[in-house]
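Counting from 1, position 26 in the sequence shown corresponds to residue 310 in my numbering; the numbering is continuous, with no gaps.
Notes follow once the structure below has been shown.
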Amino acid sequence: MNFVFGILSQIIFIYSWALIIYILMSWFPNARETSIGQFLARICEPYLEPFRRFIPPIGMIDISPLAAFFVLNLAARGVQSLALWF
Numbered sequence: 285m286n287f288v289f290g291i292l293s294q295i296i297f298i299y300s301w302a303l304i305i306y307i308l309m310s311w312f313p314n315a316r317e318t319s320i321g322q323f324l325a326r327i328c329e330p331y332l333e334p335f336r337r338f339i340p341p342i343g344m345i346d347i348s349p350l351a352a353f354f355v356l357n358l359a360a361r362g363v364q365s366l367a368l369w370f
């Protein structure tokens, strides 16, 4: 059972890094149009979309990725807590 929780924890860890890279790519012109940017968009946008619906941008700053990252961090902690129970 710890193997399953370890795999889930690693997936969340890798996904959080993909999310960070995707967010940082928005700071560079045309970075999201590259093949890596398009791949990360296919992976990250479905997760970010619900947060963007509920959290409007403040001027030109979109803070919804911060909330998405916070929820992802909570999920990682939840998986770690469940691993302790089993």
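In this text, a Cβ means the ideal position worked out from N, Cα and C, and glycines have one as well.
Model, not experiment: these values are computed from the prediction.
From which residue to which residue does the alpha helix (DSSP H) around residue i run?
i	result
A315	Here A315 belongs to no alpha helix (DSSP H), and DSSP marks it neither H nor E.
S293	286-309
Could you say which of the options lies nearest to residue i if we only look at CA atoms?
i	options	result
L351	S310, Y331, A315, N314	Reading the sequence as shown, one finds Ala at residue 351 and not Leu. Closest by alpha carbon: Y331.
M344	S319, W311, A359, L324	W311
S300	T318, F354, G321	F354
S348	F323, Q322, R326, P334	P334
L324	R336, F338, D346, M309	M309
Assuming residue i contacts residue j (C-beta within less than 8 Å), just tell me the rounded distance between them.
i	j	result
F287	L366	Contact doesn't hold; Cβ gap of about 13 Å is too wide.
L303	L356	7 Å
Practice item. List in chain order: all unbroken alpha helix (DSSP H) runs of 4+ residues lying wholly within the segment 327-369. Key: 348-369
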